[in-house]
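A.B. asks:
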Ligand code: ADP
Ligand code: MG
C-alpha cells in the first residue's frame with residue numbers, strides 16, 4: 001500500500017472515531033477492523049461474523065459518512081472477514097465488547113430509533129435481485145405470496161437459516177415490494193432488538209398505549225432477527241399480544257431468525273406455538289449452480305467481467321454463505337484492480353489462497369457458536385466473556401466441545417477464537433462434556449427467565465448438532 005493510501009485510511013479512521021466517540025472507537029474499531037480503500041468501495045475487514053454484524057448494524061451510518069467526507073464522494077462499504085485479524089484482539093477488548101452487547105439491551109444507554117423514523121428510511125434489498133435456487137425457493141415463494149395477498153392463509157411466516165443466507169434480503173424485499181404494489185398498506189420493519197428497546201422505553205415512560213397503537217395498526221409487521229426476544233420475558237408477552245391483535249385483524253406478520261422457533265432457547269412456549277402455527281420455512285446454503293448465478297449477478301452489478309472458470313472456482317471453494325461468497329468475489333476484483341491486469345484463474349488462486357484455506361473453519365466455528373448461544377438465549381459475547389454463571393459456562397463448554405468435534409481447529413485456535421481463552425480451558429471443557437456423555441444418566445441444568453430447565457446431555461447435543469449441519 002502506498003503512503004497516500006495509508007494516509008487516507010488514517011483519515012477515515014479518525015473521522016469514524018470522531019463520529020462514534022473515542023470510547024466506542026476503541027472497543028469496536030481499533031485492532032478490530034482493517035480498512036482497505038479500493039477503486040469503487042471501502043472494505044472493512046473484521047475478525048469474525050459477530051463483530052462484523054455488530055459494527056454493520058450499529059455504525060454503518062457513521063462509517064458511510066466518514067468515508068464520504070474523506071473521499072469526497074459516497075462510496076459503497078462492504079464488510080468481510082479478515083483472516084489476519086482473527087485471534088488478534090486482546091482479552092480486555094473482547095471483554096469490553098461483551099459488556100457493550102449486554103448493556104445495549106438497556107435502552108437508557110442506547111440511542112433509539114422510532115418506527116416513524118423508519119418509515120422514511122429506504123430499505124436496501126429488493127426481491128427482484130434475489131437469486132432463487134432449490135435451497136431458498138420455498139422461502140422466496142412464501143415471500144411473493146405475502147406481497148401478492150394482503151391476507152395469506154399462513155400467519156406468521158417464519159423464515160430461518162444460517163447467517164448470511166439472505167433472510168434480511170427477503171424481509172426487506174417484501175417491504176419494498178409491498179410499498180410498490182400496495183402503496184396504501186402500512187408496513188413496519190424492525191429488528192427484534194429494536195422492538196425490545198422500544199417496548200422497554202414505552203414501559204418506562206408510561207407510553208405503552210402509543211407503542212401498542214403504533215404496532216397493532218400495521219398491515220404488515222416484519223421483525224428481523226427475532227431470536228433477540230429470547231430471554232426477554234416481558235417483551236415476549238407483549239409481542240404475543242401484538243401478534244394476536246394483528247392476526248385477529250387479518251393482517252400479516254413475517255419474521256426471520258437464525259434458528260427454528262423450537263431451537264431458540266428461552267422463548268415462551270406460547271410464543272413458540274404461535275410461531276409454528278403459521279408457516280416455518282428454512283433457507284439452506286445455496287447449491288453450486290445458485291452460487292454461480294449469484295456471483296454472475298454481483299459481477300454485473302459492479303460492472304466487472306469475470307471469466308466463467310473464475311466464477312466456478314469461487315463457487316466451488318466458498319460454500320458456506322452468500323456474504324462470504326460476495327466477499328471472495330470482491331477480493332479477486334480488488335486484486336485485479338491493484339495489479340491492473342485482467343482477472344485470470346491464477347490471479348483468483350493467489351487472491352483467495354488465504355481466504356479459502358483459512359476462512360472455512362472460522363465460519364464454521366461461528367455457526368456453532370451462533371447455534372449454541374441462540375439456544376441458550378445468549379450472545380457470542382457472553383460466551384467470550386469471562387463470566388461463569390451456570391448457563392454461560394454450559395454454553396461455552398458445549399460450543400468448545402462441538403467446535404473440537406466438527407472443525408479441524410486446534411485447542412489453542414478454538415480458545416483464541418472464543419474470547420482469547422487458554423487452550424487448557426478448551427481441553428477442560430471438552431473433557432467435562434466427554435465425562436457427562438460417558439455417564440448416560442447425566443442431566444445438565446440451566447436457567448431461563450421462566451425458571452430452571454434441564455435435559456439429558458445426549459439429546460441436547462443431538463438437538464444442537466442437527467442445526468449445525470444444515
Ligand atoms: P442474513 O440476514 O440471512 O444473515 P442477508 O440477507 O444479510 O443474510 O444476506 C447477506 C448478503 O448476501 C446480502 O448482501 C444479500 O444481498 C446477499 N444474498 C443472500 N442471499 C442471496 C440471494 N439468494 N440472491 C442474491 N443475494 C443474496
Ligand atoms: Mg439478517
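In the working numbering, the protein residues as written are 1 to 470. Where is the CB? At the ideal position from N, CA and C, for every residue including glycine. All values reported here derive from a predicted model rather than from experimental measurement.
Can the beta-carbon of residue 174 be found less than 8 Å from the beta-carbon of residue 127?
C.D. replies: Within the chain shown, numbered from 1, the residue matching residue 174 stands at position 174. Within the chain shown, numbered from 1, the residue matching residue 127 stands at position 127. Yes.
A.B. asks: Using three-state DSSP, classify residue 140 as helix, strand or coil.
C.D. replies: One-based indexing of the chain shown puts residue 140 at position 140. Helix, per DSSP.
A.B. asks: Quick check on the burial criterion: 16 or more other C-beta atoms within 10 angstroms. Buried or exposed for residue 111?
C.D. replies: Here residue 111 refers to the residue found at position 111 when the chain shown is read from its first residue. Residue placement at residue 111 cannot be trusted, given a pLDDT of 37 that sits under 50; the coordinates are not used to answer.
A.B. asks: Leaving out five residues before and five after residue 390 in sequence, what residues of the same chain have Cβ atoms less than 8 Å from its Cβ?
C.D. replies: Numbered from its first residue, the chain shown carries residue 390 at position 390. In its chain, beyond the 5 residues on either side, 445, 446 and 447 have a beta carbon closer than 8 Å to the beta carbon of residue 390.
A.B. asks: Pull up the distance between the alpha-carbon of residue 170 and that of residue 163, whole angstroms please.
C.D. replies: By one-based count along the chain shown, residue 170 stands at place 170. By one-based count along the chain shown, residue 163 stands at place 163. Rounded to the nearest angstrom, the two C-alpha atoms are 13 Å apart.
A.B. asks: May I ask you to check if the CB of residue 168 is nearer than 7 Å to at least one heavy atom of the ligand MG?
C.D. replies: Along the chain shown, read from residue 1 onward, the residue named residue 168 stands at position 168. Result yes, Cβ under 7 Å from the ligand MG.
A.B. asks: Please state whether DSSP places residue 189 in a helix, a strand or coil.
C.D. replies: Here the question's residue 189 lines up with position 189 in the chain shown. Strand.
A.B. asks: For the alpha helix (DSSP H) holding residue 401, just list the boundary residues, first then last.
C.D. replies: Position 401 of the chain shown holds residue 401. Residues 390-406.
A.B. asks: Please look up how many angstroms separate the CB atoms of residue 320 and residue 285, rounded, as I've assumed it's under 8 Å.
C.D. replies: The residue you call residue 320 lines up with position 320 of the chain shown. The residue you call residue 285 lines up with position 285 of the chain shown. Indeed, because the Cβ distance is near 6 Å, the residues count as touching under 8 Å.
A.B. asks: Please report the Cβ distance between residue 258 and residue 374, rounded to the nearest whole angstrom; I am assuming they are in contact, meaning their Cβ atoms lie under 8 Å.
C.D. replies: As a working note, residue 258 is residue 258 in the chain shown. As a working note, residue 374 is residue 374 in the chain shown. Contact flag correct, Cβ pair sits at about 5 Å.
A.B. asks: So what does DSSP say about residue 447, is it helix, strand or coil?
C.D. replies: Walking along the chain shown from the start, residue 447 turns up at place 447. It is a strand residue.
A.B. asks: First and last residue of the alpha helix (DSSP H) that includes residue 411?
C.D. replies: The residue you call residue 411 lines up with position 411 of the chain shown. Per DSSP, residue 411 belongs to the alpha helix (DSSP H) from 411-417.
A.B. asks: Given residue 65, which residues of its chain have a CB within under 7 Å of its CB, disregarding the five upstream and five downstream residues?
C.D. replies: Translated into the one-based positions of the chain shown, residue 65 becomes position 65. Same-chain partners within the cutoff: 19.
A.B. asks: Quick check: the segment 344-354 against the segment 236-244, are at least 3 beta-carbon pairs closer than 8 Å?
C.D. replies: no
A.B. asks: Using DSSP bridges, identify the partner residues of residue 224.
C.D. replies: Here residue 224 is taken as the residue at index 224 of the chain shown, counted from 1. For residue 224, the pairing in a beta bridge is given by DSSP as 191.
A.B. asks: If I measure Cβ to Cβ from residue 125 and keep anything under 6 Å in the same chain, skipping five residues before and after, which residues do I get?
C.D. replies: In the chain shown, residue 125 corresponds to position 125, counting from 1. 169, 172 and 173, listed in sequence order.
A.B. asks: Can you tell me the Cα-Cα spacing of residue 384 and residue 413, whole angstroms?
C.D. replies: As a position in the chain shown, residue 384 is number 384, starting the count at 1. As a position in the chain shown, residue 413 is number 413, starting the count at 1. One C-alpha to the other measures close to 14 Å.
A.B. asks: Mapping the DSSP letters down to three states, classify residue 76 as helix, strand or coil.
C.D. replies: Walking along the chain shown from the start, residue 76 turns up at place 76. Reduced to three states, the DSSP call for residue 76 is strand.
A.B. asks: Where does residue 16 land, buried or exposed, given buried means 16+ other C-beta within 10 angstroms?
C.D. replies: Locating residue 16 in the chain shown gives position 16, counting from the first residue. Classification for residue 16: buried.
A.B. asks: Taking DSSP's pairing of strands, which residues face residue 341 in a bridge?
C.D. replies: As a working mapping, residue 341 is identified with position 341 in the chain shown. Paired residues: none, contrary to the question.
A.B. asks: Going by other Cβ atoms of all chains shown within 10 Å of its Cβ, with 16 needed for buried, is residue 264 buried or exposed?
C.D. replies: As a position in the chain shown, residue 264 is number 264, starting the count at 1. Classification of residue 264: buried, given that the 10 Å Cβ count is 16 or more.
A.B. asks: Using C-beta distances below 6 Å, list every residue in its chain close to residue 456, excluding the 5 sequence neighbours before and after it, in chain order.
C.D. replies: Position 456 of the chain shown, counted from the first residue, corresponds to residue 456. Around residue 456: 443.
A.B. asks: Are residue 83 and residue 354 closer than 8 Å when you measure CB to CB?
C.D. replies: For the purposes of this step, residue 83 is identified with residue 83 of the chain shown, where counting begins at 1. For the purposes of this step, residue 354 is identified with residue 354 of the chain shown, where counting begins at 1. Yes, Cβ-Cβ distance for residue 83 and residue 354 is below 8 Å.
A.B. asks: For residue 34, write down the residues that DSSP places opposite it in a beta bridge.
C.D. replies: In the chain shown, residue 34 corresponds to position 34, counting from 1. Residue 34 has 45 as its beta-bridge partners, per DSSP.
A.B. asks: Is the segment 288-305 close to the segment 175-188, with three or more CB pairs under 8 Å?
C.D. replies: no
A.B. asks: Using alpha carbons as the reference points, say which of 306, 271, 249 and 304 lies closest to residue 255.
C.D. replies: Here residue 255 corresponds to residue number 255 of the chain shown, with the count starting at 1. That would be 271, whose Cα lies nearest to the Cα of residue 255.
A.B. asks: By alpha-carbon positions, which one of 395, 252 and 427 ends up nearest to residue 220?
C.D. replies: Numbered from its first residue, the chain shown carries residue 220 at position 220. Of the candidates 395, 252 and 427, the one whose C-alpha sits nearest the C-alpha of residue 220 is 252.
A.B. asks: Within a Cβ cutoff of 7 Å, which residues of the same chain sit near residue 9, ignoring the five residues on either side of it in sequence?
C.D. replies: Residue mapping note: residue 9 aligns to position 9 of the chain shown, counting from 1. Correct list, in chain order: 35 and 37.
A.B. asks: What's the gap between the Cα of residue 330 and the Cα of residue 396?
C.D. replies: Looking up residue 330 in the chain shown gives position 330. Looking up residue 396 in the chain shown gives position 396. Residue 330 and residue 396: Cα-Cα distance of roughly 34 Å.
A.B. asks: Could you check how far apart the C-beta atoms of residue 294 and residue 325 are, in whole angstroms? I think they sit under 8 Å.
C.D. replies: Start at 1 with the first residue of the chain shown, and residue 294 comes out as number 294. Start at 1 with the first residue of the chain shown, and residue 325 comes out as number 325. The pair is a contact, with the Cβ atoms about 6 Å apart (cut-off 8 Å).
A.B. asks: Can you tell which of 59, 42 and 81 has the C-alpha that lies nearest to the C-alpha of residue 72?
C.D. replies: As a working note, residue 72 is residue 72 in the chain shown. That would be 42, whose Cα lies nearest to the Cα of residue 72.
A.B. asks: Say yes only if the C-beta of residue 224 is nearer than 7 Å to one or more non-hydrogen atoms of the ligand MG, and no if none qualify.
C.D. replies: Your numbering for residue 224 matches position 224 in the chain shown. Yes, Cβ of residue 224 sits closer than 7 Å to a heavy atom of the ligand MG.
A.B. asks: Comparing C-alpha positions only, which one of 48, 55, 6 and 57 sits nearest to residue 370?
C.D. replies: Position 370 of the chain shown, counted from the first residue, corresponds to residue 370. Closest by alpha carbon: 48.
A.B. asks: Note the first and the last residue of the continuous beta strand (DSSP E) segment covering residue 480.
C.D. replies: Since the displayed the chain opens at 1 and closes at 470, residue 480 lies outside it and no answer follows.
A.B. asks: Once DSSP output is grouped into helix, strand and coil, what is the label at residue 506?
C.D. replies: Given a span of 1 to 470 for the chain in the structure shown, any question on residue 506 remains unanswerable.
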